[in-house]
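Some notes on the structure that comes next.
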Amino acid sequence: MIKSYNIWLFGALSLFFYTFSVAQPANRADDFGYDFNDYIDAVVGHNGAMIGFGRAMEESDGVDRIGVLLTRYGPSNEVQLQNFITDTATTSAIINNFAVDYLYGGLIPTGDDGYLFNAVTSRNNSIIVKLNRDLQEEFRYEYQDSNAISNFTVVEPIELEGGYLLYGTAKALDGSGAPYARRINKVGETQWVQYYGEEGATEIVQDGTMQGDSVLVISCTKSEQFYNIIYKINVTDGTLQSEWASEVYPETGLIRQVVALEDGSLITFGETFQENGPDWATTVQPVIARLASDNSVQWANTVGQPNVINGRNGSRELKLVSDGNIVSAGEHSTWVGGSKKLAGWLFKFTPEGDTLWSRYYLPPFDLSGENISGQFGRFGELPNGDLVVGGKSRGDGRRNCWLVRTDAEGCPSLDSCAYVVTSEEWAPPLSSSQLSVFPNPASRHLTVAWPGAAPTGTGHFTLYNMQGQSVWSVTKPSAPEVPLQLPELLPCVYALRVEVEGQVWVERVVIK
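Residue numbers for the sequence shown, in mature numbering (1 follows the signal peptide of the UniProt record, and there is no 0): -23 to -1, 1 to 489.
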């Protein structure tokens, strides 16, 4: 009975999972003594080594140096060693900068038991740095092309036989943004570099993935025109195999993340633009989708709640994990103690688009404090299936280097999913005003009504199944009666969650 009650609460009220104290190594936030420090990624390296990858700043000889921070954690999640790597070349900049961020660089393990990361220098050039297994620098190689003056995006490298692929969007001499790919050998020397896209237009590379051993898939957005472009590139010589553009305002949303499946299809995470909310802020709805080998949409499902766009809600990585399913890591604004907070977000789904679980996480701070928040970046999978994700935590000074480790189900590794926080602690309070839903049982048509005065504002209507999975959602203006057109659903008991301007109602709905 208790188990069923917990499942019902999770489904109806979107409960969240939280690891409670710093005594639990699965959820740790550290200050390593720099002027600032945080993580953007976590990588699983050789023999299960966990590497936090991020940035830090320190003052040296009157110059603020922003560099790359790398931390290796051991089997018990303890810190084993650390390195801080900065730009060593002479620069006239006031701040000496080795820039890494969500679209500026990334770290990968390499086949020789070492690591490689890319970044952007103070001179706006892309650079790679090769490390050994103890995170000590072996060499670095900087790239400056005559037909590019800086970089819009520098996506994490991909290792190939005999070398690596680097790709992103470079700022061309005319100020536009041109997608590019570069193949380098094991010592960083360029074997080929190619630019793609329409001359004079700006296309921002968001992500990339290998399709087999020979094709690089690059996903770009043209945000001003609100559509996607996908390039497929032969990695042998950089020739363009195909180019595809979506329709404007596509069903997939603007694609932010992409991962390839063995059959040639692509799984994507995107954001659809919905409406202008308060103060004309644009709201976006996260969407996962699957594209066939010809880029036609096989399915597209909404995930999570729509949020005001702020550049921080969404997925930072999609990854195919060892059981054949897909895990997304990122962040999402969610209800905590009656107010919305930015939380780390992991969710797992099948290649068919069925959500397996969705979890929200906060750093191990006193939740009664102000400005508690967290963001996840990229993640790694340990040999036993555990997930390790790095990110930024806020709310306790400079303890911003955040590392979270869960089991394969997104639960804390040292326990089971026992940390289910009650709805009173984590969700906005249920409204005392009445709401009615009819007809109930229903089939495809449902009406939500308020017998008294209807709340004003935007209403978010979400239907959950008994496994806590969101199966349908829509956003509509609130009114005394709001008609809802449901999709075809399996006959079952569902929970309808209605949220209007901080007020929440939950009603049991039977679909016949």
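Just so you know, even glycine gets a beta-carbon here, dropped at the ideal spot from N, CA and C.
(request) Give every residue of the same chain whose Cβ lies closer than 7 Å to the Cβ of T87, excluding the five residues on either side of it in the sequence, and list them in chain order. (result) Here residue 87 corresponds to residue number 110 of the sequence shown, with the count starting at 1. Same-chain partners within the cutoff: L93 and E136.
(message) I need the DSSP call for G247, collapsed to helix, strand or coil.
(response) Taking the first residue of the sequence shown as position 1, residue 247 is located at position 270. Correct three-state label for G247: strand.
(message) For N417 and A431, what's the separation of their Cα atoms in angstroms?
(response) One-based indexing of the sequence shown puts residue 417 at position 440. One-based indexing of the sequence shown puts residue 431 at position 454. N417 and A431: Cα-Cα distance of roughly 20 Å.
(message) I'd like to know whether the C-beta atoms of Q168 and R160 end up nearer to each other than 7 Å.
(response) Numbered from its first residue, the sequence shown carries residue 168 at position 191. Numbered from its first residue, the sequence shown carries residue 160 at position 183. Yes; because the gap between Cβ atoms is below 7 Å, this pair is in contact.
(request) Throw me the rounded Cβ distance for the E228 and A266 pair, which I believe falls under 8 Å. (result) Translated into positions along the sequence shown, residue 228 becomes position 251. Translated into positions along the sequence shown, residue 266 becomes position 289. Yes, they are in contact, since the Cβ atoms of E228 and A266 sit about 7 Å apart, within 8 Å.
(request) Ignoring anything shorter than 3 residues or poking outside the stretch 94 to 156, list the beta strand (DSSP E) runs there in chain order. (result) 103 to 108, 114 to 120, 125 to 137 and 140 to 149
(message) Considering only the alpha carbon of each residue, which of T146, G29 and V475 lies closest to V182?
(response) What you label residue 182 is simply residue 205 of the sequence shown in a count that begins at 1. Cα-wise, what sits closest to V182 is T146.
(message) Buried or exposed for K489, going by 16 or more other Cβ atoms inside 10 Å?
(response) Position 512 of the sequence shown holds residue 489. K489 should be labelled exposed.
(request) Express the C-alpha separation of L380 and Q57 in angstroms, rounding to a whole number. (result) Locating residue 57 in the sequence shown gives position 80, where the first residue counts as 1. Locating residue 380 in the sequence shown gives position 403, where the first residue counts as 1. So the alpha carbons of these two residues sit roughly 14 Å apart.
(request) Please name the residue or residues paired with T435 in a DSSP beta bridge. (result) Within the sequence shown, residue 435 is the residue found at index 458, counting from 1. Per DSSP, P454.
(request) Compute the distance between the beta-carbons of C197 and E180, then report whether it is under 7 Å. (result) Mapped onto the sequence shown, residue 197 falls at position 220. Mapped onto the sequence shown, residue 180 falls at position 203. Their beta carbons are under 7 Å apart, which means C197 touches E180 by this criterion.
(message) Could you give the first and the last residue of the continuous beta strand (DSSP E) run that contains G29?
(response) The sequence position of residue 29 within the sequence shown is 52, counting from 1. Following the DSSP letters along the chain, one finds G29 inside the beta strand (DSSP E) bounded by residues M27 to S37.
(message) Using the three-state DSSP reduction, which class does N348 fall into: helix, strand or coil?
(response) Against the sequence shown, residue 348 aligns to sequence position 371. DSSP places N348 in coil when its eight states are reduced to three.
(request) Taking S335 as part of the beta strand (DSSP E), name the residues at either end of that continuous run. (result) The residue labelled residue 335 in the question sits at position 358 within the sequence shown. It spans T332 to Y338 - the beta strand (DSSP E) in which S335 sits, taken as one unbroken run.
(request) Could you have a look at N278 and say whether DSSP puts it in helix, strand or coil? (result) Locating residue 278 in the sequence shown gives position 301, counting from the first residue. It is a strand residue.
(request) Look at N102 and E119 and say whether their C-beta atoms are less than 7 Å apart. (result) Translated into positions along the sequence shown, residue 102 becomes position 125. Translated into positions along the sequence shown, residue 119 becomes position 142. Yes. Within cutoff.
(message) If contacts are defined as beta-carbon pairs under 8 Å, then T279 and S455 qualify, I think. What distance do you get, rounded to the angstrom?
(response) As a first step, residue 279 is located in the sequence shown; it is residue number 302 there, counting from the start. As a first step, residue 455 is located in the sequence shown; it is residue number 478 there, counting from the start. About 20 Å; that fails the 8 Å criterion.
(message) Could you check whether the Cβ of I210 sits closer than 7 Å to any Cβ belonging to chain D?
(response) You won't find chain D in this structure, because it holds only one protein chain.
(request) Tell me where the beta strand (DSSP E) around H422 begins and ends. (result) Here residue 422 refers to the residue found at position 445 when the sequence shown is read from its first residue. Run containing H422: H422 to A426, per the beta strand (DSSP E) assignment.
(message) Between K369, K317 and E239, which has its C-alpha nearest Q480's C-alpha?
(response) Counting from one through the sequence shown, the residue named residue 480 turns up at place 503. Distances from the CA of Q480 to each of K369, K317 and E239 were compared; the closest alpha carbon is that of K317.
(request) Counting only the same chain and skipping the five closest in sequence on each side, list residues whose C-beta sits under 6 Å from that of E484. (result) By 1-based counting over the sequence shown, the position of residue 484 is 507. Cβ within range, chain order: V414 and L473.
(request) Report the partner residues of G307 according to the DSSP bridge assignment. (result) In the sequence shown, residue 307 corresponds to position 330, counting from 1. Beta-bridge pairing links G307 to S292 and W322.
(message) Here's the rule I'm using: 16 or more other beta-carbon atoms within 10 Å means buried, otherwise exposed. How should Y157 be labelled?
(response) Walking along the sequence shown from the start, residue 157 turns up at place 180. That one is buried.
(request) Would you decide whether A66 is buried or exposed? Buried here means 16 or more other CB atoms lie within 10 Å of its CB. (result) For this step, residue 66 is matched to residue 89 along the sequence shown. Exposed is the call here.
(message) Short of 7 Å in beta carbon distance, which residues of its chain neighbour V274, apart from the five on each side in sequence? Order them along the chain.
(response) By 1-based counting over the sequence shown, the position of residue 274 is 297. Around V274: E228, T229, A266 and L268.
(message) With three or more beta-carbon pairs closer than 8 Å as the criterion, would you say the stretch 75 to 83 touches the stretch 334 to 349?
(response) no
(message) From the DSSP secondary-structure annotation, give me the bridge partner or partners of L473.
(response) Taking the first residue of the sequence shown as position 1, residue 473 is located at position 496. Partner(s): L440 and E484.
(message) In this structure, how does DSSP classify N4 when only helix, strand and coil are distinguished?
(response) The residue labelled residue 4 in the question sits at position 27 within the sequence shown. Note: N4 maps to strand in three-state DSSP.
(request) Tell me whether the beta-carbon of G351 lies closer than 7 Å to the beta-carbon of G368. (result) For the purposes of this step, residue 351 is taken as residue 374 along the sequence shown, with counting starting at 1. For the purposes of this step, residue 368 is taken as residue 391 along the sequence shown, with counting starting at 1. Yes, the Cβ-Cβ distance between G351 and G368 is below 7 Å.
(message) Given this structure, state the Cα-to-Cα distance separating E36 from F13, to the nearest angstrom.
(response) Numbered from 1 along the sequence shown, position 59 holds the residue referred to as residue 36. Numbered from 1 along the sequence shown, position 36 holds the residue referred to as residue 13. The straight-line gap from Cα to Cα measures roughly 11 Å.
(request) Starting from Y204, follow the beta strand (DSSP E) in both directions and report where the run begins and ends. (result) Taking the first residue of the sequence shown as 1, we reach residue 204 at position 227. Where Y204 is concerned, the enclosing beta strand (DSSP E) stretches over Y204 to N211.
(request) Please list, in chain order, all residues of the same chain as A320 whose beta carbon is under 8 Å from its beta carbon, the five residues on each side excluded. (result) Looking up residue 320 in the sequence shown gives position 343. If we look at A320 and ignore the five residues flanking it on each side, its Cβ neighbours are F(-8), E308, H309, S310, T311, V313, Y337, Y338, L339, S350 and G351.
(message) I believe residue 525 touches I207 by the beta-carbon criterion, under 8 Å. Please report the beta-carbon distance rounded to the nearest angstrom.
(response) Outside the shown range of the chain (-23 to 489) lies residue 525, about which nothing can therefore be said.
(request) Can you check DSSP and say which residues form a bridge with G83? (result) By one-based count along the sequence shown, residue 83 stands at place 106. Note: G83 sits in a beta bridge opposite N95.
(request) Leaving out five residues on either side along the sequence, give the residues of the same chain with a beta carbon under 6 Å from the beta carbon of V91. (result) Counted from its first residue, the sequence shown places residue 91 at position 114. The question names Val, but residue 91 is Gly in the sequence shown. Taken in chain order, the residues that qualify are L108, N109 and R110.
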